[in-house]
Amino acid sequence: MSGRVALIGLSLLVLIAFLAILSLTLGAASVDPFAVLTGRGDPAALQILWHLRLPRLFLALAVGANFGLAGLIVQIVLRNPLAEPGVLGVSAGASLAVVAALLLSHGALSVSLGVPLVAFGGAVAAGAAILWLCGGSGDPRRLVLGGVVFGMALNALVMAVIVGFGAGRAELALLWLTGSLYGRGYDQLWPVLACGGVAALLLPAFVRPLGLLRFGDDQARSAGLEVRIWRPAALLLAMALAASAVSAAGPIGFVGLVVPHFARLLTGAAIAPLIWVTALSGAAVTLMADVVGRAIAPPLEIPVGAVTGLIGVPIFLLLLQRQSRRRA
Amino acid sequence: MTPDDPKQRLILPFFLLTLLLILVCAVLTLTQGRFATGLADLPTALLDRAEVTDTGFAVRQLRLPRAVMAVLAGAALGVAGALMQAITRNPLADPGLTGVTAGAAFAVVLGFTLLGVSQAGLLVLGTVGGALSGALTFALAAQRGFNPAHLILAGVAVAAFCLSGINVLLLLGATSMNSAWFWLVGGLANRTWQDVGHLWPMVLPVLVLVWLTSRRLDLLLLDDDTSRGIGLHAGRWRLIFGLCSVVLTAGCVATCGPIGFIGLLAPHVARMGLGGAVSHRLLIPASALAGAAILSVADALAASRLIFPTEIPTGIPAILIGAGMFLLLFRNGLRVGR
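Following this line, the structure appears as structure tokens:
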């Protein structure tokens, strides 16, 4: 079993390396990364590679891994394969905060530092409100319903702000709402990496609780797990992961929903390998979506959020069909 | 049900109250706007067709169709929600949360960006799209025996798919993002008698049909073995009522855009107003009235510039009222599932 997991991990790493080379090469300006690395490239190419493509590459990987892990935790804790980090309200909360800040600050908000900060604040506030309102320690179904409805209300407010105060400056807000990696640099990368790193340190402690929570409260309790502590803790971890990813890249959909299914299909249900394979697949899928979005019609870019939506639909349906057949 | 039954005594007040609310909102809608109209001028502006004035034109051609649309669309959405809740036996089902609205919206956007079909074609296209996405949601939800939380997550996933499809269509199409977003929120501004003419032939016959067959809805709430014992083809009637719900929703989406939450809320408001569970013969008209009242209030708020500096799409106050009331219901212990 572990040999199989190692093989899967290795092939995912190879895929990521291949995509990384593509990501460094493709774009509005064609750059040969090997020439630059061996010192044969011109200074402009070095500049593009070092300050634009490299941070973007790592950001795609980190955002994808964080979204994927957040989705996995949410699906396990809420015991529902259709749950995604959006249920915690992070995307809607970040959207409302960013749109309101962009449109009400009259351009005073710095896009590279201010927007991610505001987004993170909004995401955490909305997530905390949902956990508090719907009882993070109680019935998971209440959390799902309350979270979905709360998210819809926040999205309605986003629309209201755009329509009410947008007047000619809505494009910037709308671009952010699609979810994109365009123009991101090291400033946005560090917070996502930090959140992912802390999560990676904490996750080994969560392996057993997650494995028990999957089977329901009674089972988990009878195995000696403090459900009232571990469930909110796991949800908080998922919220922090998703909030950091949203704050850097905007609300990219489907990675948190689809990637855990993909990982489960590859590894089976054991938690520890599932965590690592989910992180790697999330990184690979997001990087792939970014590369595809840049490669289709250069110099135009299709935002990564739109690409994950398009790729996500058929994959998701296929995976669900597979799973239901396997269960039957 | 005896005459002393509290439910029986609440029927008349509930119907009168909702009608009064609709009337007040209609008067508000008719008098507000660029050509301010006093209450006293309203009868002349409405009835005196001979005199051509700005006010008369604004009232008869701009504001009256809008008020009528609010009532028609609200009633349609309210009944669509009641049907959805009955056929799934799930108090949280509604055309929006089951992905039907988003599917219809995707089809309509496809129609007017790429295919360029007429308004009547949009109605048909919207119905087909709504039916397909609704079927997809139910197919996903069936894996867990229609567990309420699962049904909603399936609906959210389907709706998210449709929304990303809409995003791509808008990126491809030449439509300005701003106006498209305005439409996607759902609104009643600038609706004319022509839109009313498209909506009522779709809505009114279905409403009458549903009301005439509403006995069957009560039977669908029984478990399947019992209803089979009475000789009811439960599956067939679920399909018929499901289609009715889709047609009602699609009509609203094609003419007013996707307005959320009214279908979810109206039946609960109706039940609360009538003092508990009632037969569908009563619940259907009550839901229609409640839906019409909620949408009328939302539209009067949207037109009034009370909250925002400009006029906002009707969908925004509608969804805010809806979400607020829903969270209230939710905290007060709305029963989740059967």
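Chains as they are written, first to last, in our numbering: chain A, 1 to 328; chain B, 329 to 666.
Note that CB positions come from ideal geometry on N, CA and C, so glycine has one too.
Sequence-distant residues of its chain with Cβ nearer than 6 angstroms to residue i (five each side left out)
i, result
"Gly409 of chain B", "Asp422, Gly591, Leu592, Ala594, Pro595"
"Arg208 of chain A", "none"
"Gly570 of chain B", "Ile415"
"Ala83 of chain A", "Val74, Gln75"
"Ile587 of chain B", "Gly514, Gly643, Ala646"
"Trp511 of chain B", "Gly585"
"Ala272 of chain A", "Val207"
"Gly315 of chain A", "It should be noted that the sequence gives Ile, not Gly, for residue 315 of chain A. Result list for Ile315 of chain A: Val258, in chain order."
"Ala628 of chain B", "Cys353, Leu356, Thr357"
"Leu318 of chain A", "none"
Cβ-based burial, residue i [other Cβ within 10 Å; buried from 16]
i, result
"Asp413 of chain A", "This structure does not reach residue 413 of chain A, given that chain A is present from 1 up to 328, and the question cannot be answered."
"Gly604 of chain B", "exposed"
"Ile612 of chain B", "buried"
"Met329 of chain B", "Low confidence applies to Met329 of chain B: its pLDDT is 44, below 50, so where it sits in the model is not reliable enough to give any reading."
"Phe385 of chain B", "exposed"
"Asp553 of chain B", "exposed"
"Gln47 of chain A", "exposed"
"Thr38 of chain A", "exposed"
"Arg599 of chain B", "buried"
"Asp557 of chain B", "What sits at residue 557 of chain B in the sequence shown is Gly, not Asp. Gly557 of chain B should be labelled exposed."
"Asp529 of chain B", "Checking the sequence shown, residue 529 of chain B turns out to be Pro, not Asp. Per the 10 Å Cβ criterion, exposed."
"Ser2 of chain A", "exposed"
"His361 of chain A", "Because residue 361 of chain A is not part of the residues shown, which for chain A are 1 to 328, the question remains open."
Rounded distance between the beta-carbons of residue j and residue i, thought under 8 angstroms
i, j, result
"Ala616 of chain B", "Gly458 of chain B", "No, Ala616 of chain B and Gly458 of chain B are not in contact; Cβ-Cβ is about 19 angstroms, not under 8 angstroms."
"Thr642 of chain B", "Ala626 of chain B", "5 angstroms"
"Pro191 of chain A", "Ser244 of chain A", "6 angstroms"
"Gly179 of chain A", "Gly89 of chain A", "So it is not a contact: roughly 16 angstroms between Cβ atoms."
"Ala279 of chain A", "Ala70 of chain A", "Not a contact, Cβ separation roughly 11 angstroms."
"Ala482 of chain B", "Val581 of chain B", "At roughly 20 angstroms, the Cβ-Cβ gap does not stay under 8 angstroms, so Ala482 of chain B and Val581 of chain B are not in contact."
"Thr359 of chain B", "Leu347 of chain B", "Wrong, their Cβ atoms sit about 19 angstroms apart, outside the cutoff."
"Leu96 of chain A", "Gly122 of chain A", "6 angstroms"
"Leu52 of chain A", "Ala284 of chain A", "Going by Cβ atoms, the distance from Leu52 of chain A to Ala284 of chain A rounds to 21 angstroms, so no, they are not a contact pair."
"Val436 of chain B", "Leu453 of chain B", "6 angstroms"
"Val445 of chain B", "Leu464 of chain B", "Not confirmed; about 23 angstroms, so no contact."
"Gly601 of chain B", "Leu338 of chain B", "7 angstroms"
"Gly579 of chain B", "Val538 of chain B", "Not a contact, Cβ separation roughly 14 angstroms."
Beta carbon proximity, residue i to chain C, threshold 8 angstroms
i, result
"Phe510 of chain B", "In the displayed structure, chain C is absent; the protein chains listed are A and B."
Neighbourhood of residue i by C-beta, 7 angstroms cutoff - its chain only, sequence neighbours within 5 removed
i, result
"Arg214 of chain A", "Ile76, Arg79"
"Leu491 of chain B", "Ala430"
"Arg566 of chain B", "Ile415, Leu548"
"Arg666 of chain B", "Any reading at Arg666 of chain B must be qualified, since the residue scores a pLDDT of 32, below 50, and its modelled position is unreliable; the value itself is stated next. Result list for Arg666 of chain B: Arg417, in chain order."
"Phe165 of chain A", "Leu103, Leu104"
"Leu225 of chain A", "Pro209, Leu212"
"Gly151 of chain A", "Gly86, Gly89, Ala92"
"Gly493 of chain B", "Phe434"
"Ile311 of chain A", "Ala289"
"Leu22 of chain A", "Val291"
"Ile8 of chain A", "Leu266, Thr267, Val277"
Close beta carbons around residue i, own chain, < 8 angstroms, minus the five adjacent residues each side
i, result
"Leu144 of chain A", "Residue identity check: residue 144 of chain A is Val in the sequence provided, not Leu. Answer for Val144 of chain A: Leu78, Asn80, Ala83, Val87, listed in chain order."
"Val304 of chain A", "Ala60, Gly179, Ser180, Leu181, Ala249, Ile252, Thr286, Ala289, Asp290, Gly293"
"Leu13 of chain A", "Leu280"
"Leu349 of chain B", "Ala621, Ser624, Val625"
"Thr577 of chain B", "Ala404, Leu405, Ala408, Pro423, Val428, Thr429, Ala432, Gly458, Gly591"
"Leu133 of chain A", "Gly146, Phe150"
"Gly439 of chain B", "Val445, Gly449, Leu450, Leu453, Gly454"
"Leu193 of chain A", "Phe58, Ala62"
field: Proximal residues, the stretch 575-608 of chain B versus chain A, C-beta separation under 7 angstroms
entry: Gly588
query: Of all the residues that make up the stretch 295-310 of chain A, which are near chain B by a beta-carbon distance shorter than 9 angstroms?
result: Ile302, Pro303, Gly305, Ala306, Thr308, Gly309, Leu310
message: What are the residues in the stretch 250-274 of chain A lying within 8 angstroms of chain B by C-beta distance?
response: Gly253, Phe254, Leu257
Three or more C-beta pairs below 8 angstroms linking the stretch 292-311 of chain A and the stretch 264-283 of chain A: no
- request: State whether the stretch 57-73 of chain A contacts the stretch 94-101 of chain A, with contact taken as three or more CB pairs (one from each stretch) at a distance under 8 angstroms.
  value: no
- prompt: Do three or more CB pairs link the stretch 512-519 of chain B to the stretch 445-464 of chain B at distances below 8 angstroms?
  reply: no
query: Quick check: the stretch 244-254 of chain A against the stretch 171-185 of chain A, are there 3 or more CB pairs under 8 angstroms?
result: yes
query: Between the stretch 52-73 of chain A and chain B, which residues of the former have CB atoms less than 9 angstroms from a CB of the latter, in chain order?
result: none
message: Is it the case that the stretch 342-358 of chain B contacts the stretch 381-399 of chain B, given that we only count it when at least three CB pairs across the two stretches are under 8 angstroms?
response: yes
task: May I ask you to list, following chain order, the residues of the stretch 411-439 of chain B that have a beta carbon less than 9 angstroms from some beta carbon of chain A?
output: Leu420, Gly424, Leu425
task: Taking only beta carbons into account, state which residues of the stretch 114-134 of chain A come closer than 9 angstroms to chain B, listed in chain order.
output: Leu133, Cys134
query: In the stretch 152-165 of chain A, which residues sit with their C-beta less than 7 angstroms from some C-beta in chain B, listed in chain order?
result: Met152, Ala153, Ala156, Met159, Ala160, Ile162, Val163, Gly164
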